[in-house]
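K.L.:
Each number in my numbering comes from the position in the sequence shown (counting from 1) with 99 added on. Have a look at the structure that comes next, please.
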Amino acid sequence: METATLRRMPLPAAIQLGLIATLLLFAVVAWALADERMGGMDAGPGTDPGAVGFFLGVWVVMMAAMMFPSIAPMVLTYARVQAKSRQRGRATPIGGTATFVAGYLVSWTAAGLFLYALAQGAGHLSSDLFAWNRAGPYLAGGIIVIAAVYQLTPLKDACLTKCRNPLSFVMTSWRPGRSGALRMGMEHGAWCVGCCIALMAVMFALGVMSLVWMAFVAVLIAIEKLLPWKALANRGIAVLLVVLGLAVALAPERVPGLIEPGSAEAMQAMEMQPGEMRGMASP
100 METATLRRMP LPAAIQLGLI ATLLLFAVVA WALADERMGG MDAGPGTDPG AVGFFLGVWV
160 VMMAAMMFPS IAPMVLTYAR VQAKSRQRGR ATPIGGTATF VAGYLVSWTA AGLFLYALAQ
220 GAGHLSSDLF AWNRAGPYLA GGIIVIAAVY QLTPLKDACL TKCRNPLSFV MTSWRPGRSG
280 ALRMGMEHGA WCVGCCIALM AVMFALGVMS LVWMAFVAVL IAIEKLLPWK ALANRGIAVL
340 LVVLGLAVAL APERVPGLIE PGSAEAMQAM EMQPGEMRGM ASP
């Protein structure tokens with residue numbers, strides 16, 4: 100499809116507002132569910148994500164809460180394409196937009212499994228060397244600094260460009276039908292994973308069950324995806340992450356919102372965790 104034609108795609112304002120409102124409503128509900136499931140469970144860096152079933156349930160809710168506002172432009176673009184197809188008399192799948200969003204979550208579920216396996220593997224391989232009163236702060240801070248470096252890589256730039264240009268994605272990746280909607284959602288989700296995976300690693304480093312750090316990462320994602328100044332947002336986030344990583348490594352007690360393993364707050368959080376969770380970090 101030509102770019103000019105895509106930009107003129109008919110989509111009534113009521114439908115556009117309805118789609119945005121629906122995404123935001125699901126995000127709000129997801130934040131409420133995350134608060135219910137995760138509230139008081141933040142034991143700081145090294146918090147065990149729990150059994151895989153528990154973690155995946157929480158993870159999908161987290162992704163809906165964090166990502167749905169920033170994928171609104173892509174969802175609207177997909178809906179415009181469907182509207183144009185209907186205008187031309189072509190069959191369009193019922194629930195295509197919902198299927199697209201479901202495919203997006205499939206990719207993030209796979210990413211969650213990868214991060215879960217990485218965290219569990221690191222937990223089994225680590226020794227007392229990485230306890231919080233030894234090298235733990237340097238490990239957590241190092242992960243955050245690595246995420247900052249990733250912000251400046253060509254791979255990050257390519258993924259972010261795809262995420263910020265829904266029109267280009269639709270023009271090059273459109274597939275008809277419900278299966279096509281699912282594949283498109285998964286493909287867009289894969290680009291989004293490539294864009295945000297390092298930021299998710301930051302959340303693991305700071306406390307995967309922390310609503311504070313979840314909100315922090317969600318804001319960073321929204322800034323770099325939605326604000327018009329791509330380069331400024333990207334580099335600004337990189338600088339912020341370097342500062343945060345150094346602070347966690349050198350003065351963790353002065354980082355707002357960071358619960359140090361072994362502290363009274365961490366011990367209380369571990370007591371509130373369900374049976375399928377346990378604190379990994381030791382003081």
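Here a beta-carbon is modelled for each residue, glycine too, at the ideal position from N, C-alpha and C.
1) Would you mind reading off the limits of the alpha helix (DSSP H) that contains D134?
2) Just list the alpha helix (DSSP H) runs in the stretch 269-343, keeping only unbroken ones of 4 residues or longer that don't cross its boundaries, in chain order.
3) Going along the chain, which unbroken runs of the beta strand (DSSP E) with 3 or more residues stay wholly within the stretch 233-268?
4) Short of 6 Å in beta carbon distance, which residues of its chain neighbour L340, apart from the five on each side in sequence? Order them along the chain.
5) My assumption, with CB atoms under 8 Å, is that M283 sits in contact with F199. Please give the rounded CB distance.
6) Whole-angstrom Cβ separation of A321 and P168, contact assumed at under 8 Å?
7) Distance check for L349 and M162, CA to CA, integer angstroms please.
8) Would the beta-carbon of M384 fall within 8 Å of that of S206?
9) Pop quiz: A280 and V347 are said to be a contact at Cβ under 8 Å. What is the actual Cβ separation, rounded to whole angstroms?
10) Tell me which residues share the same chain as T176 and place their Cβ nearer than 7 Å to its Cβ, disregarding the 5 neighbours each side in the sequence.
11) Using 10 angstroms around the beta-carbon of A113, count the other beta-carbons present and answer buried if the total reaches 16, otherwise exposed.
12) Using 8 Å as the cut-off, can you tell me whether the stretch 329-336 makes contact with the stretch 112-130, which would need three or more C-beta pairs spanning the two stretches below that distance?
13) In whole angstroms, what separates the C-alpha of D147 from that of C295?
14) With a 10 Å radius around its C-beta and 16 neighbouring C-beta atoms as the bar for buried, classify M303 as buried or exposed.
15) Assuming contact is defined by CB atoms lying nearer than 8 Å, are Q250 and A337 in contact in what I supplied?
16) Do W231 and P355 have their CB atoms nearer than 8 Å?
17) Relative to the C-alpha of L305, which residue among G276, G344, W273 is closest?
18) Grab the span of the alpha helix (DSSP H) containing L155 for me, first residue to last.
19) If we count the other Cβ atoms within 10 Å of its Cβ and call it buried at 16 or more, is A133 buried or exposed?
20) Going by Cα to Cα distance, which pick from T252, R233, G293 is closest to L214?
21) Just verifying my parser: in three-state terms, what is the DSSP assignment at G194?
22) Please report how far the alpha carbon of G391 lies from the alpha carbon of A182, in whole angstroms.
23) Measuring alpha carbon to alpha carbon, tell me which of A129, L123, A142, G138 ends up nearest L357.
P.N.:
Quick look at the numbers:
1) 112-137
2) 276-306, 310-325
3) none
4) I243, A246, A247
5) 6 Å
6) 6 Å
7) 30 Å
8) The structure shown does not extend to residue 384, since the chain is modelled only from 100 to 382, so the question has no answer here.
9) At roughly 41 Å, the Cβ-Cβ gap does not stay under 8 Å, so A280 and V347 are not in contact.
10) P265, L266, V269
11) exposed
12) no
13) 21 Å
14) Residue identity differs from the one stated: residue 303 is Phe in this sequence, not Met. Looking at its Cβ environment, which holds 16 or more other Cβ atoms inside 10 Å, F303 is buried.
15) yes
16) no
17) G344
18) 151-166
19) buried
20) G293
21) coil
22) The structure shown has nothing for residue 391, since the chain only spans 100 to 382.
23) A142
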